[in-house]
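The sequence shown begins at 15 in the numbering used here and counts up one residue at a time.
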Amino acid sequence: AVTTKNQVIGVSGYFTDTKEPNGIYWLAWTYVLPSYRRYGIGNSFIRTIERELRSRGGRKLYLNTSSHGIYRGAIRFYLDRGFKWEGYLRDYYRKGEDQMILGKNIAKR
């Protein structure tokens, strides 16, 4: 979490895939308050998490999000940081709202 003036302005994290723990991680809910976006906070979250996961032998980082229009900016953010489309689950959240799955190879090169 990132705070300023005793206010949380952004959060992020990750968790291990319990079914396939061999270097597979999932990005947890990531959010930055709108008035603090475009200051590099989200970039810092992603870089820090990737660095930490590489040090743990991580090889892939996945995330899921909704196809709802409100998440277009988030999807663009992740695609711009090297995440790729992996798939989707149709009508996952409700009819017409799919779960979108993105992934990124993070293994040490």
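Idealized CB from N, CA, C, for every residue including glycine.
Own chain partners of Glu64 with C-beta closer than 6 Å, once the 5 adjacent residues on each side are dropped = Ile120
Residue interval of the alpha helix (DSSP H) (run including Asp105) = Not the alpha helix (DSSP H): Asp105 falls in the beta strand (DSSP E), residues 98-108.
ask   = Do the CB positions of Glu100 and Gly117 come within less than 8 Å of each other?
value = yes
request  = Assuming Tyr76 and Leu41 form a contact by the criterion Cβ under 8 Å, report the distance between their Cβ atoms to the nearest whole angstrom.
outcome  = 7 Å
request  = With a floor of 4 residues, list each alpha helix (DSSP H) that falls wholly inside the region 51-80, ordered by position along the chain.
outcome  = 55-69
request  = Alpha carbon to alpha carbon, how far is Lys33 from Glu66? Give it in angstroms, no decimals.
outcome  = 21 Å
ask   = Which residues mark the beginning and the end of the beta strand (DSSP E) in which Ile115 is found?
value = 111-119
ask   = Is Thr44 near Phe59, with beta carbons less than 8 Å apart?
value = yes
ask   = In terms of residues, what are the limits of the alpha helix (DSSP H) holding Gly27?
value = That residue, Gly27, is in no alpha helix (DSSP H); it is neither H nor E in DSSP.
task = State the Cα-Cα distance for the pair Ser81 and Thr17, rounded to the nearest angstrom.
result = 29 Å
key: Where Leu41 falls: helix, strand or coil (DSSP)   = strand
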